[in-house]
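Participant:
There are 2 protein chains.
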Amino acid sequence: MYKIDIDKVKIFEVCPRDGLQNIKEFIKTDQKIRLVNMLTDAGCEAIEVTSFVHPKWVPQLADAAEVLSSITMNPNIVYNALIPNIKGLERAIASGLKEVVTIMSASEAHNKKNLNMSIADSLAQMKEINDVARVHGIRVRSYIATSFGCPMQGKIAPEYVAEIAAELERIGSYEISLGDTTGMSEPVLSYKVVKAVKRTLSKSRLAVHFHRSGGIEFANILASLQAGVDVIDSAVGGLGGCPYAPGAKGNIATEVLVEMLDRMGIETGIDLAKIQKAAEYAKSLDPYASCVEGGSDE
Amino acid sequence: MYKIDIDKVKIFEVCPRDGLQNIKEFIKTDQKIRLVNMLTDAGCEAIEVTSFVHPKWVPQLADAAEVLSSITMNPNIVYNALIPNIKGLERAIASGLKEVVTIMSASEAHNKKNLNMSIADSLAQMKEINDVARVHGIRVRSYIATSFGCPMQGKIAPEYVAEIAAELERIGSYEISLGDTTGMSEPVLSYKVVKAVKRTLSKSRLAVHFHRSGGIEFANILASLQAGVDVIDSAVGGLGGCPYAPGAKGNIATEVLVEMLDRMGIETGIDLAKIQKAAEYAKSLDPYASCVEGGSDE
């Protein structure tokens, strides 16, 4: 009989970082703090609060340290920040974070464009980051962007994604998140990639990070659950679209994900009504908020 | 290995009827004709063109006969209309249609509210319709609304939906479409209901008719494909929401469905670019068109 062998999903909430970073109009620090506090209150298990990328590149998140020092932290919740390099890690260490997030791509072309280096160089840099983080007792989570296809390079072999994931596990990343950066995947491919990566990992947890593609993203989520994934990245309000990059749609909406998992009897620890309120608030901060529907009203 | 055992899906396009019927502002007959012609040109296999419900109840479709006599029909495409009763069937016969669509509900409460009769009375009326249609060489397709839950009555047993479907097959409906009328389903339930109904049918084809619920509908579509469904109802532009009934969200968007099936290598016979154009046109006709995203741009 048809059954999803997952009882509990960890939702990794990315709105404060991935959702807000591309918004041109500066969102007040107080508003960011309020958003994170609402997410904490809704029961999110892990929140990507901000990024220690140089403010020149992401001016929206220039207030990273202030946000991190002002939010009300719940000791049961993991708060983290994206770091692009060792310098970012140093700022994260100074802020007292216990977890950081790194990013690279499974596509040479995308890695070059996005990070201005080869995949090999990215992995070498990540090793350095992991080594320093370990000394400071900081966990590292790693994104592999374009894991399901690249708008520049086309198809990406699932086995190649698995190789990168295995290397990230070897250098110490405790959780690896496979990004469908521009919403290109479909369910059978999603299943294949997840399975290929899962086979190579022995201890690191595996997450999926889909972007919106008209609803197809939820078929990809279902296929990922069927492949054994139990960590899913999402952003309240579905934020994360970028008006300057038409290919980059927003993230999957946390409040819809929670509604689907609730209906399926899969635990998330998140309060649906509260996360819907956080989503409304997040959308009110985003002048480009694409219209993301909530689930049904029944 | 993970595999969807479906090579080809028949998409049953419902926009001209289910998508337009609730729009208050009258859409010009010429515009309706243009929409149906665009759908024909895009390669749709089956189009629900209009409805022979009394104009008092659905004034938007008062021009049913005129639309049907003016569209450019392709002999390879099935055109049909919803009929509520024998009177509707008579109008359909007069219009020369070769297929009609009937509707009833799997929920007594919903059937009573929507059709003002019991399920038993609906089935008796359907038998009469099927008998008359058969004499005129007209095929009958039948909807079972609220097959995945009812906002008034709550859960609906899959076995009960299967009983109704079996009865509809017995009285002659060649295709049965299970409606998730208010977008309440989830993948495991969708699979269960589809499987339960499929087991009872020996010759009638089975379709699913999901409404939008923030993206969850595509997880339901995937589960239905996995359960062996190969007919899916959808509406270009995702039309069908009703500003006066907050629970009634729009239909799943045909252009997104086609994109997902294209990516999965499942044939639909529909040209993606042309159906996207038809979707744009449909949305331009609907002042309440919820924002429905297309798929990615890659």
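Order-wise, the sequence lines are chains A and B. So for the first sequence, our numbering puts the first residue at 177; every next one is plus one. So for the second sequence, our numbering puts the first residue at 177; every next one is plus one. In this text, a Cβ means the ideal position worked out from N, Cα and C, and glycines have one as well.
1) Reducing DSSP to helix, strand and coil, say where N427/A ends up.
2) Let me make sure I understand the geometry here. Which of G313/B, M328/B and P363/B has the alpha-carbon closest to that of S349/B?
3) Run through chain A and tell me which residues come within less than 9 Å of F188/B, C-beta to C-beta.
4) Would K289/B pass as an interface residue toward chain A - the criterion being a Cβ-Cβ separation below 8 Å?
5) Would you tell me roughly how many angstroms separate the C-alpha atoms of V434/B and Y178/B, rounded to the nearest one?
6) Which first and last residues belong to the alpha helix (DSSP H) in which Y255/B is found?
7) Taking the DSSP output, what are the residues bridged to E224/A?
8) From K208/B, N287/B, E362/B and L365/B, pick the residue whose C-alpha is nearest to that of I340/B; which is it?
9) Using 8 Å as the threshold, is the C-beta distance between N261/B and L273/B below it?
10) Should Y475/B be flagged as near chain A, meaning a C-beta pair shorter than 8 Å?
11) Quick check on V337/A: buried or exposed, where buried means 16 or more other Cβ atoms within 10 Å of its Cβ?
12) Could you pull out every residue in the same chain whose Cβ sits closer than 8 Å to the Cβ of M293/A, ignoring the five residues on either side in sequence?
13) Out of V229/A, I397/A, L244/A and V384/A, state which residue places its alpha-carbon closest to the alpha-carbon of V212/A.
14) Mind listing, in chain order, the continuous beta strand (DSSP E) runs of no fewer than 3 residues lying wholly within the segment 355 to 404 of chain B?
15) From V185/B to R375/B, what distance separates their C-alpha atoms?
16) Check each residue of the segment 388 to 422 of chain B: if its Cβ is closer than 8 Å to any Cβ of chain A, include it; give the result in chain order.
17) Rounded to whole angstroms, what is the Cα-Cα separation between V384/B and D409/B?
18) Looking at chain A, is there any beta carbon in it that lies within less than 8 Å of the beta carbon of I180/B?
19) Which runs of the alpha helix (DSSP H), 4 residues or longer, sit entirely within the segment 251 to 327 of chain A?
20) With a threshold of 16 other CB atoms inside 10 Å of the CB of E362/A, please say whether the residue is buried or exposed.
21) Name the residues in the segment 435 to 446 of chain B whose C-beta lies less than 9 Å from a C-beta of chain A; which are they?
22) Is it right to say S298/B is buried, meaning 16 or more other beta carbons lie within 10 angstroms of its own, or is it exposed?
23) Could you run through the segment 340 to 364 of chain A and flag, in chain order, every residue whose CB is less than 7 Å away from some CB of chain B?
24) What do you get for N396/A, buried or exposed, if any count of 16 or more other CB atoms within 10 angstroms of its CB means buried?
25) How would you label C191/A, buried or exposed, when you count the other beta carbons within 10 angstroms and need 16 or more for buried?
26) Between which two residues does the alpha helix (DSSP H) carrying E339/A extend?
27) Quick check on the burial criterion: 16 or more other C-beta atoms within 10 angstroms. Buried or exposed for E393/A?
28) Closest to G445/A by CA distance: which of V407/A, P463/A, L461/A and A268/A is it?
29) Just the Cα atoms here: how many angstroms apart are A465/B and E189/B?
30) Mind checking who L243/A pairs with in its DSSP beta bridge?
31) Against chain B, does A429/A count as a neighbour if the rule is that its beta carbon must be under 8 Å from one of theirs?
32) By the three-class DSSP mapping on this structure, what secondary structure does D447/A have?
33) Would you mind telling me which residues of chain A sit closer than 7 Å to V432/B, beta carbon to beta carbon, in chain order?
34) Once the 5 residues before and after D181/A are set aside, which same chain residues still bring their CB inside 6 Å of it?
35) Within a Cβ cutoff of 8 Å, which residues of the same chain sit near M440/B, ignoring the five residues on either side of it in sequence?
36) Are the beta-carbon atoms of A218/B and K450/B separated by less than 8 Å?
Facilitator: From the atom records:
1) Note: N427/A maps to strand in three-state DSSP.
2) Considering only alpha carbons, the answer is G313/B.
3) Here the premise fails: no neighbours, minimum Cβ distance about 18 Å.
4) So no, K289/B is outside the interface.
5) Cα-Cα distance, rounded: 21 Å.
6) Taken as a continuous stretch (DSSP letters only), Y255/B belongs to no alpha helix (DSSP H), being part of the beta strand (DSSP E) at V254 to L258.
7) Bridge partners of E224/A: N256/A.
8) Of K208/B, N287/B, E362/B and L365/B, the residue nearest in Cα terms is N287/B.
9) A distance of 8 Å or more separates the beta carbons of N261/B and L273/B.
10) Look at the range of chain B in this structure, 177 to 474, and you will see that residue 475/B is not part of it.
11) Answer is buried; the Cβ neighbour count reaches 16.
12) The residues N287 and Q301, in chain order, have a CB closer than 8 Å to that of M293/A in the same chain once the five nearest residues on each side in sequence are set aside.
13) Of V229/A, I397/A, L244/A and V384/A, the residue nearest in Cα terms is L244/A.
14) Runs of the beta strand (DSSP E) lying entirely within the segment 355 to 404 of chain B and spanning at least 3 residues, in chain order: 381 to 386.
15) Looking at the two C-alpha atoms, the distance is approximately 19 Å.
16) Residues are counted here when their Cβ sits less than 8 Å from a Cβ of chain A; for the segment 388 to 422 of chain B these are R388, S389, G390, G391, I392, E393, F394, A395, I397, L398, A399, Q402, A403 and P422, given in chain order.
17) Whole-angstrom Cα-Cα distance: 6 Å.
18) The beta-carbon of I180/B is placed less than 8 Å from the nearest beta-carbon of chain A.
19) Here the runs fully enclosed are 262 to 271, 284 to 291 and 295 to 311.
20) E362/A counts as buried, since no fewer than 16 other beta carbons sit within 10 angstroms of its beta carbon.
21) Those residues of the segment 435 to 446 of chain B that come within reach of chain A (Cβ to Cβ, closer than 9 Å) are E435, M436, L437, D438, R439, M440 and G441.
22) By the Cβ-count criterion, S298/B is buried, with 16 or more other Cβ atoms from all chains shown falling within 10 Å of its own Cβ.
23) Correct list: T358, G359, M360, E362, P363 and V364.
24) Buried, because 16 or more other Cβ atoms sit within 10 Å of the Cβ of N396/A.
25) Buried is the call here.
26) Counting along the chain, E339/A sits inside the alpha helix (DSSP H) bounded by residues P334 to I347.
27) Under this definition E393/A is a buried residue.
28) When only C-alpha atoms are compared, the closest one is V407/A.
29) Cα to Cα, the separation comes out at about 17 Å.
30) A small correction: the amino acid at residue 243/A is Val; Leu does not occupy that position in the sequence shown. Answer is none; V243/A lacks a bridge partner.
31) Chain B, which has a Cβ nearer than 8 Å to the Cβ of A429/A, makes this yes.
32) Coil.
33) Within chain A, the residues near V432/B are G390, G391 and I392.
34) Closer than 6 Å at the Cβ level, and outside the excluded window around D181/A, lies no residue.
35) Excluding positions up to five away in sequence, the list reads I180.
36) A218/B is a Cβ neighbour of K450/B, given a cutoff of 8 Å.
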